[in-house]
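J.: Quick note: the sequence shown, position 5, residue 5 per the UniProt record's numbering, numbers continuous.
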Amino acid sequence: MSQQSNSPHPLGSRGLGDLPVEIFLCIAKSLSFRDQSKLHQTCKSIYSLLGNGIIEERARLIVHALPPKQEYEQLRWQWDEPDAIAGRHIPTHSIWNDPPEFLDRPREIESFACAIVRGDIETVQDYLCAGVNPNT
Numbered sequence: 001m002s003q004q005s006n007s008p009h010p011l012g013s014r015g016l017g018d019l020p021v022e023i024f025l026c027i028a029k030s031l032s033f034r035d036q037s038k039l040h041q042t043c044k045s046i047y048s049l050l051g052n053g054i055i056e057e058r059a060r061l062i063v064h065a066l067p068p069k070q071e072y073e074q075l076r077w078q079w080d081e082p083d084a085i086a087g088r089h090i091p092t093h094s095i096w097n098d099p100p101e102f103l104d105r106p107r108e109i110e111s112f113a114c115a116i117v118r119g120d121i122e123t124v125q126d127y128l129c130a131g132v133n134p135n136t
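1. Our contact map puts A28 next to L19 with C-beta atoms below 8 Å; I'd like the distance itself, whole angstroms only.
2. Could you tell me the distance, in whole angstroms, from the CA atom of N52 to the CA atom of S111?
3. In the DSSP assignment, find the unbroken alpha helix (DSSP H) run with D126 in it and report its ends.
4. Just the C-alpha distance for D35 and I116, rounded to the nearest angstrom, thanks.
5. By the 10 Å Cβ neighbour count, where 16 or more other Cβ atoms means buried, how is I46 classified, buried or exposed?
6. Just the C-alpha distance for S48 and V21, rounded to the nearest angstrom, thanks.
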């Protein structure tokens, strides 16, 4: 990993880069994915050693995090390739039964929710007095 110098290092001054590659990889495999990813970003030599493993693990996590292709097809998403894998290939576009609805102004309940988030007590009280259902 790092260039070995001819001068002997005192025992306390050796770094992670002074380990043999096999031992370093064994240590890296025992780390969590998050810690491996952080370690992978520390220097070029570690980046090159851990890079492929990090990329493969990210791809594996993405595939398992998303629903299978069949669920996308049930929602009428179209795919560029017939054998596309959910999470690795992005659908081209969706086919909607109805076009999206664009409103000129927010719905009453959306304004009510925004007032709650802002902490605008007077506006919230006005909406409640006007009969807005807070449970919708």
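Each residue gets a CB set at the ideal place from its N, CA and C atoms; glycine is no exception.
Keep in mind the model is a prediction, meaning the values are calculated, not measured.
T.: Answer, in terms of the structure:
1. Not confirmed; about 10 Å, so no contact.
2. 48 Å
3. Counting along the chain, the unbroken alpha helix (DSSP H) around D126 starts and ends at 121–129.
4. 39 Å
5. buried
6. 12 Å
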